[in-house]
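Residue 9 is where the sequence shown starts when you use the numbering used here, and the numbers rise one by one after that.
Since the structure comes first, as structure tokens, the remarks are kept for the end.
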Amino acid sequence: MPIFVFPDDPIWNEEADAVEFAVEVGEYQGRVFLTRRVLQSFIGHRPQPDEAVQQVCMNRQTFDRAAELRILDRALDPDANIHLTARDVTRAAS
């Protein structure tokens, strides 16, 4: 049984200007956010919402791993969610 569970597909969150998906670790349930700005640093241009979601889906393993590393480091945001940075994603990709 996996320690980390990512139960849903990524969606666009207009208010956060980010792609959002859930993460569960035991009793903990939170949200992971990848802002358009973070995605821009990887794809070279400011993605439209549908392209941003598509990029996350196509590279889901890397983004899931980045979230896992933040949880293992106990580096949750004050709202108990995870807002991934370009540094988080780069670390997970290497």
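Idealized CB from N, CA, C, for every residue including glycine.
Small disclaimer: the values here were computed from a predicted structure and weren't measured.
May I ask you to list the residues that DSSP assigns as paired with residue i?
i: ARG73; result: DSSP output for ARG73 lists no bridge partner at all.
i: THR93; result: In the DSSP output, where bridge partners are listed per residue, THR93 has none listed.
i: ARG39; result: ALA30
With a threshold of 7 Å on Cβ separation, who are the neighbours of residue i within its own chain once the five nearest residues in sequence on each side are excluded?
i: THR20; result: As written in the sequence, residue 20 is Trp, which differs from the Thr given in the question. Within the same chain, TRP20 has close Cβ partners VAL27, PRO57, ALA60, VAL61.
i: ARG82; result: none
With a CB to CB cut of under 8 Å and the five nearest residues on each side skipped, what residues in its chain are close to residue i?
i: HIS53; result: none
Can you grab the Cα-Cα spacing for the pair residue i / residue j, in whole Å?
i: VAL74; j: GLU22; result: Position check: residue 74 holds Ala in this sequence, whereas Val was assumed. For ALA74 and GLU22, the distance between alpha carbons rounds to 22 Å.
i: LEU84; j: LEU77; result: 10 Å
i: GLN48; j: GLU35; result: 33 Å
i: ALA88; j: VAL33; result: 12 Å
i: SER102; j: GLN63; result: 18 Å
CB-CB under 6 Å to residue i, same chain, minus the five flanking residues each way: which ones, in chain order?
i: PHE104; result: For the chain, the structure presents residues 9 to 102; residue 104 sits outside this window and is missing.
> Where in the region 48-73 do unbroken runs of the alpha helix (DSSP H), each at least 4 residues long, occur, reported from the N-terminal end onward?
Replying inline: 57-66
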